[in-house]
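In full-length UniProt numbering, the protein residues as written are 1 to 197.
Taking it in order: structure first as structure tokens, then the write-up.
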Ligand SMILES: Cc1cc2nc3c(=O)[nH]c(=O)nc-3n(C[C@H](O)[C@H](O)[C@H](O)COP(=O)(O)O)c2cc1C
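The following block contains the structure:
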């Protein structure tokens with residue numbers, strides 16, 4: 001059941017590199033998942049970069065130096081420890097962007113929906129993120145969702161020569177599952193759902 005795979009998708013912070021996949025296989029999983037994610041009018045505004053090995057480590061070095069510039073020394077060490085053990089220790093990181101030129105062109109094409117497109121862009125990025133996260137989980141790869149944007153936007157753009165129109169929305173470090181996951185708490189259905197008819 002697809003719901004079992006949804007349940008398998010969790011925030012995994014204990015990442016490692018013990019896995020059976022080649023880089024090309026992981027890239028394919030990410031591409032297929034993003035391709036199948038919906039977007040308004042099928043505008044396909046999601047842009048994705050997958051970083052492996054040294055490039056993945058470079059991203060987390062960028063995050064560290066950005067944090068070091070704004071956070072006090074004591075707290076920065078805690079953040080560095082988390083980055084080293086939970087994110088950089090994995091196989092790679094998926095970067096999710098939205099292409100602003102696509103959104104602007106949709107706004108011109110559909111002026112009656114112009115105000116909706118920025119929200120729809122965020123929603124479709126979330127759908128692409130969920131699709132990738134779930135597809136990685138199905139492949140027994142753990143991942144979490146991080147948001148060091150906008151702090152790292154400029155450095156990321158410069159490092160990988162990405163277009164200015166690509167707006168960084170999320171970072172998803174992934175790797176082998178190196179630890180158990182805490183049980184997840186759910187609120188009462190009666191508080192959350194209503195059905196009529
Ligand atoms: C829009 C969104 C933003 C999130 N941002 C972060 C984040 O910045 N850092 C983080 O560690 N987890 C982040 N999460 C993960 C949630 O904390 C997590 O999904 C939630 O606690 C449920 O746990 P689960 O992923 O194990 O099911 C985010 C999740 C969503 C949907």
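Built from N, CA and C at the ideal position, the CB exists for glycine as well.
Notebook entry, point to check: Quick one: does the C-beta of residue 8 sit closer than 7 angstroms to a heavy atom of ligand 1?
Noted result: Sequence index remark: in the chain shown, residue 8 carries index 8 (1-based). Residue 8 Cβ: outside cutoff for every heavy atom of ligand 1.
Note to self: Spatial neighbours of residue 129 within its chain, please: C-beta separation below 6 angstroms, excluding the five flanking residues on both sides.
What the structure shows: The sequence position of residue 129 within the chain shown is 129, counting from 1. Closer than 6 angstroms at the Cβ level, and outside the excluded window around residue 129, lie 96 and 170.
Margin query: Can you find the residues in the same chain that come closer than 8 angstroms, C-beta to C-beta, to residue 36, ignoring five residues on each side of it along the sequence?
Written below: The residue labelled residue 36 in the question sits at position 36 within the chain shown. Excluding sequence neighbours, residue 36 sits near 131.
Margin query: Just to confirm, is the Cβ distance from residue 119 to residue 172 under 8 angstroms?
Written below: By one-based count along the chain shown, residue 119 stands at place 119. By one-based count along the chain shown, residue 172 stands at place 172. Taking 8 angstroms as the Cβ cut-off, residue 119 and residue 172 do not qualify as a contacting pair.
Check: In whole angstroms, what separates the C-alpha of residue 41 from that of residue 74?
Finding: Translated into positions along the chain shown, residue 41 becomes position 41. Translated into positions along the chain shown, residue 74 becomes position 74. Roughly 48 angstroms between the two C-alpha positions.
Next item on the list: Kindly indicate which three-state DSSP category residue 160 falls into: helix, strand or coil?
Entry: Walking along the chain shown from the start, residue 160 turns up at place 160. If DSSP states are grouped into helix, strand and coil, residue 160 belongs with coil.
Note to self: Measuring alpha carbon to alpha carbon, tell me which residue in 111, 3 and 67 is nearest residue 151.
What the structure shows: As a first step, residue 151 is located in the chain shown; it is residue number 151 there, counting from the start. Ranking 111, 3 and 67 by Cα distance to residue 151 puts 67 first.
Item checked: C-alpha gap between residue 20 and residue 59, whole angstroms -> Along the chain shown, read from residue 1 onward, the residue named residue 20 stands at position 20. Along the chain shown, read from residue 1 onward, the residue named residue 59 stands at position 59. Near 23 angstroms, if we compare the C-alpha coordinates of residue 59 and residue 20.
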